[in-house]
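*Asks:* Heads up, my numbering is the position in the sequence shown plus 214, with the first residue counted as 1.
Ideal Cβ placement from N, Cα and C applies to all residues, glycine included.
Computed from a prediction, not measured in an experiment: that's the story for all the values here.
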Amino acid sequence: MRNKIAGSAVFYIALLKFLTSNAQIHSEKPVFHYSVMDALRNGAYTGEFTIAELREKGNFGIGTYNYLDGEMIVLEGICYRVDASGAVSIAETSLQTPFASVAFFKSDVEFELSNVKNIEELQNEVIKRLPSSNKLYAIRIDCTFEIITVGSAKRLGENETTGLAELMKSRPLYSKEHVSGTMVGFYNPPYFSAIDLSPFHFHFISKDRTYGGHVMSGKLTAAAIKVSLDQKPGCEVILPQQNSVFNKPWTKENNVKSAY
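#1: Using the rule of at least 16 other Cβ atoms within 10 Å of the residue's Cβ for burial, across every protein chain shown, is G277 buried or exposed?
#2: Measure the CB-CB distance between P454 and G261 and report whether it falls below 7 Å.
#3: What would DSSP say about Q455, mapped onto helix, strand or coil?
#4: If we count the other Cβ atoms within 10 Å of its Cβ and call it buried at 16 or more, is D283 buried or exposed?
#5: Round the Cβ separation of F400 and A352 to the nearest angstrom and send it over; I've been treating them as touching at under 8 Å.
#6: Under 8 Å: do the region 383-392 and the region 244-251 share three or more Cβ pairs, one atom per stretch?
#7: With distances taken from CA atoms, which of S303, L381, D356 is nearest G257?
#8: State buried or exposed for T465, treating a residue as buried only when at least 16 other CB atoms are found within 10 Å of its CB.
#9: Drop a sphere of 10 angstroms on the beta-carbon of I333, count the other beta-carbons inside from all chains shown, and report buried for 16 or more, exposed for fewer.
#10: Counting only the same chain and skipping the five closest in sequence on each side, list residues whose C-beta sits under 8 Å from that of Y294.
#11: Smallest Cα separation from F325: which of K342, F319, P312, V316?
#12: Taking only the alpha-carbon atoms, compute the straight-line gap between K383 and Y279 and give it to the nearest angstrom.
#13: Between I409, S299, P403, H428, which has its C-alpha nearest I362's C-alpha?
#14: Strictly under 7 Å for the Cβ-Cβ distance: is S442 near chain C by that measure?
#15: Measuring straight from C-alpha to C-alpha, what distance separates K440 and V340?
#16: When burial is assigned at 16 or more other CB atoms within 10 Å of the CB, is G365 buried or exposed?
#17: How big is the Cα-Cα spacing for V316 and G275?
#18: Using a threshold of 7 Å, state whether the C-beta atoms of R255 and G377 are closer than that.
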């Protein structure tokens, strides 16, 4: 009789652990995407989604604003805008976005890196430590740069439909020395490249919130780099409904860039 009771208890505990684990998986929210990167690649630069609506979908992420009017960085629930001059401000909630990816960030895996010289080495080290290269991750990296170069964007005319790759050849770039801050972004598997940049899409914002933008290049200091990964169960994609450019046939880029 005791053996039966003991066996039942073990089964109950195992079942409880399974149900708890399962509940955590189902309660984890996916990455939310408003529009897709291929839309920007093909000149669709407006959307109806506001920053107020976006904040309900996540407290962490990246994107841009209608007519490419600056870079978007969402960190710890605050949405920032980096304008064409490089100035950082808190975005007005009435602003709209043509592309954004946000998530509710909760770290699953944390580790530190050292002796990493540049962005390319940093990305390689992160890829080595991903639980799976076929899954989607929100990634926060707290680090210090000897020098970093970021890009912003110039506001476009309302009828501009030139593809993103061509526009980004002349984007505003800003470099800064001896700056600490946070890289905010996502690891996107190769099959995800139509929705977002792959394998990584990162924006940076300094600790004092005065400098930031799309990460272009950087040389890191010897200080420890803290990496936090949040594995996501998938993504939710909402598409623009009132953009005529979005409805037109798109050309296929032969060389999809991982960074612009």
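*Replies:* Let's see:
#1: Per the 10 Å Cβ criterion, buried.
#2: Contact flag set, yes.
#3: In this structure, Q455 counts as coil in the three-state DSSP scheme.
#4: Looking at its Cβ environment, which holds 16 or more other Cβ atoms inside 10 Å, D283 is buried.
#5: That belief holds up - the Cβ atoms of F400 and A352 are roughly 6 Å apart, short of 8 Å.
#6: Not touching, per the Cβ criterion.
#7: Just measuring C-alpha positions, the residue of S303, L381, D356 sitting nearest G257 is L381.
#8: Label assigned to T465: exposed.
#9: It is buried - the Cβ of I333 has at least 16 other Cβ atoms within 10 Å.
#10: Hits under 8 Å: M286, I287, V288, V302, S303, I304, A305, I419, R423, G426.
#11: F325 has its Cα closest to that of K342, out of K342, F319, P312, V316.
#12: Cα to Cα, the separation comes out at about 19 Å.
#13: For the residues I409, S299, P403, H428, the minimum Cα distance to I362 belongs to H428.
#14: The structure shown contains no chain C; it is built from a single protein chain.
#15: Rounded to whole angstroms, K440 to V340 spans 11 Å at the Cα level.
#16: With 16 or more Cβ atoms within 10 Å of its Cβ, G365 is classed as buried.
#17: Between V316 and G275, the C-alpha separation is close to 4 Å.
#18: Going by C-beta atoms, R255 is nearer than 7 Å to G377.
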